[in-house]
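The block underneath contains the structure these notes are about, expressed in structure tokens.
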Amino acid sequence: MKKSMFLIAAIFLLKGMFAQQHPNIVFIYADDLGYGDLSCYGAAQIQTPHIDKLAKEGLRFTNAYATSATCTPSRFSLMTGTYAWRKKGTGIAPGNASLIIPVDKITLPAVLKRAGYQTAIVGKWHLGLGGPEGPDWNGEIKPGPREVGFDYSFILPATVDRVPCVYVENHHVAGLDPADPIQVSYKEKTGDWPTGKDHPELLKLKPSHGHDQTIINGISRIGYMIGGKNALWKDEDIADVLTERSKQFIIEHRSRPFFLLLTTHDIHVPRTPHGRFAGQSSMGARGDVILQLDATVGQITRTLDSLGLSENTIVIFSSDNGPVVDDGYQDNAVQKLNGHRPSGDLRGGKYSAFEAGTRVPFIVKWPAAIAAGRVSDALFSQVDMLASFATLTQQALAEDEATDSFDRLPVLLGKSKKDRPYIVEHANALSVIKGHWKYIEPKAGAAKNNDVNIELGNAMQPQLYDLSKDTGEKNNLASKNSSRVKELSALLETIRQSDNERKRN
Ligand code: NG6
Ligand code: CA
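Here the sequence shown is numbered in the working numbering, starting from 11 and rising by one per residue.
Listed below in structure tokens is the structure:
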């Protein structure tokens, strides 16, 4: 009897060890945070101690890339391990778009689900919801995150500057009163709620360009809505609400491997810091929400610490695309920049084919496996998270799954500094980086977006930059080095035509 009890206890112990052998994964994905926006990446006007601490205790990348210079395509690639630019309809999604992620293909969370993880997304979604007719805000909202691999979802459907201004929890608008249904339109005014265009006197935050449709909480948005009064979010509370939900998910799932994708609203517009942060930076609202973002990171890491989970949890911190200062609201970010350079030494910003469009902060901490305080200059792309997590959790990918995603686990964990064979950057034009050479394909389009004051990198001539000597992409060497232009334009064409980049490489 005693012996068999011992055996059962041993089996349970082993099972417990087995269940815990995979590390937890917390991926904090910031919005529009630039390469130069954190003190651990050289910012001097602002201090981000909690994010800096991740870097100090983990691995900080200096050449890591989001796949696109805007949100929807970047997130699409992160989720699917395939480039958004291969698929139509993956540009910046309106707030009532249909789900753009295929429900029958592998995704980042689905890989981890296969490996036994509990998976959750908390925060910005912006990948569409519902079938071809779009989301039924008053009924069951599906397909969505739940249908592409997340066990739990608590999301902002699109962006905070787009209607509807409500949270969606799993398949329903959170807190919706059925007697007060929501109507949304991106075509014409629906209902009689005032717009920023007709009633600027009602605004607490005025637009600088666009953003003059339905007013919610004194802020005019993109798109029209009416209804769902009880369900409307309060802008100043969004960071706290998302942090609380994330903490709750971690606490509830602490005893088995979990994957939490926390996609913050910060530091996207509209920037409405909570009272604890308003006025706390010397840089106005944009600086204040960087502090708020840093505090979010601090809360999450403290939660992991308090549960004794930090040692075997991978915490990743990054951004979906580069920075923008005036993205459509008069929040004084431009006037109060105070010498701060959101792009650091890089050229361009959000929307741009230049480096600042997609080269972003990227930090990985995992005390059990990654040495503290290291820096990696290896070329790394977010599109590789899927295949790398598959390897981490011993999940085989079929040859035709996530075909742009490479297993780069040794680089992700700092065991190797081998460059990716190439990086593709996507703005209006595609660019390709190989080693220290960057080629931007010729492309029609404005050279600059004056509304946001960002150089877009479009030109009818090919551009070639030597990033090892010219980080700021000031010196176009295309005419002096036509053989390199030929090589890289051919490589870009091969990648564009390829139907399986993992196989080809
Ligand atoms: C643009 C919006 C901008 C922002 C962006 C999406 C205007 C004039 N500009 O169209 O404010 O919402 O879309 O940003 O409407 S992203 O980070 O989600 O890609
Ligand atoms: Ca973004």
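Virtual Cβ for every residue (Gly too), placed ideally from N, Cα, C. Keep in mind the model is a prediction, meaning the values are calculated, not measured.
| Check | Outcome |
| --- | --- |
| Quick test of your reading: L501 and N486, contact by CB under 8 Å. State the CB separation rounded to the nearest angstrom. | Going by Cβ atoms, the distance from L501 to N486 rounds to 18 Å, so no, they are not a contact pair. |
| With contact counted as at least three CB pairs below 8 Å, one residue from each stretch, are the stretch 83 to 94 and the stretch 379 to 399 in contact? | yes |
| Quick one: what's got a C-beta closer than 8 Å to N491's C-beta in the same chain, skipping five residues either side? | L474 |
| Since L356 and A343 should fall inside the 8 Å C-beta cutoff, what is the C-beta to C-beta distance between them, to a whole number of angstroms? | Contact flag wrong, Cβ pair sits at about 18 Å. |
| As a quick exercise: from G308, D337, D461 and Y449, pick the residue whose alpha carbon is nearest that of G467. | Y449 |
| Expressed to the nearest angstrom, what Euclidean distance is found between the alpha-carbon atoms of T274 and L166? | 9 Å |
| Tell me whether the beta-carbon of V335 lies closer than 8 Å to the beta-carbon of L347. | yes |
| When burial is assigned at 16 or more other CB atoms within 10 Å of the CB, is G68 buried or exposed? | buried |
| Ligand 1 and G220: does the residue's C-beta get closer than 7 Å to at least one heavy atom of that ligand? | yes |
| By a C-beta neighbour count over all protein chains shown, 10 Å radius and 16 as the cutoff for buried, is R281 buried or exposed? | buried |
| I'd like to check one pair, I111 with G99: are the Cβ atoms closer than 8 Å? | no |
| Pick out the complete beta strand (DSSP E) segments inside the stretch 215 to 273, 3 residues or longer, and give them in chain order. | 234 to 236 and 268 to 273 |
| What does a CB cutoff of less than 8 Å around A184 pick up in its chain, not counting 5 residues either side in sequence? | F164, V176, Y177, V178 and A241 |
| Does ligand 2 have a heavy atom nearer than 7 Å to the CB of N227? | no |
| For P59 and H32, I'd like the C-alpha separation in whole angstroms. | 28 Å |
| With a Cβ-Cβ cutoff of 8 Å, do I236 and W203 count as a contact? | yes |
| Would the stretch 257 to 266 count as touching the stretch 301 to 320 if we require 3 or more Cβ pairs under 8 Å? | yes |
| Measure the CB-CB distance between L389 and D330 and report whether it falls below 8 Å. | no |
| Check whether the stretch 183 to 201 touches the stretch 100 to 107, counting contact only when three or more Cβ pairs, one atom from each stretch, lie closer than 8 Å. | yes |
| With a threshold of 16 other CB atoms inside 10 Å of the CB of I261, please say whether the residue is buried or exposed. | exposed |
| Taking its Cβ as the centre, do 16 or more other Cβ atoms sit within 10 Å of Q507, making it buried, or is it exposed? | exposed |
| Out of I300, D304, E497 and S316, point me to the one whose CA is closest to S441's CA. | E497 |
| Whose C-alpha, out of A305, G358, W376 and D146, is nearest the C-alpha of V325? | W376 |
| With C-beta atoms as the reference, is F327 less than 8 Å away from I38? | yes |
| Please report the straight-line C-alpha distance between A1 and E503, rounded to a whole angstrom. | Since the displayed the chain opens at 11 and closes at 515, residue 1 lies outside it and no answer follows. |
| Grouping DSSP H, G and I as helix and E and B as strand, with all else coil, what is I61? | helix |
| Comparing C-alpha positions only, which one of L118, S292, P217 and G359 sits nearest to T80? | G359 |
| State yes or no: is the C-beta of N331 nearer than 7 Å to some heavy atom of ligand 2? | yes |
| In angstroms, rounded to a whole number, what distance separates the CA positions of I277 and A125? | 32 Å |
| Please report the residue range of the alpha helix (DSSP H) in which V158 lies. | Counting along the chain, V158 falls outside any alpha helix (DSSP H), and DSSP gives it neither H nor E. |
| My guess is that S386 and F71 are in contact by the Cβ rule of under 8 Å, so how many angstroms apart are they, rounded? | 5 Å |
| Are the CB atoms of I300 and S291 within a distance shorter than 8 Å? | yes |
| Just the Cα atoms here: how many angstroms apart are A29 and H181? | Because the pLDDT at A29 is just 47, under 50, the model does not fix this residue reliably, and the value given afterwards should be weighed accordingly. C-alpha separation (whole angstroms): 29 Å. |
| K25 to S391, Cα distance in whole Å? | Per-residue confidence for K25 stands at a pLDDT of 48, beneath the threshold of 50, marking its modelled position as unreliable; no derived number is given. |
| Looking at C-alpha atoms only, which residue of G144, A130 and G140 is the closest neighbour of K152? | G140 |
| Looking at the structure shown, is Y51 part of a helix, part of a strand, or coil, going by DSSP? | helix |
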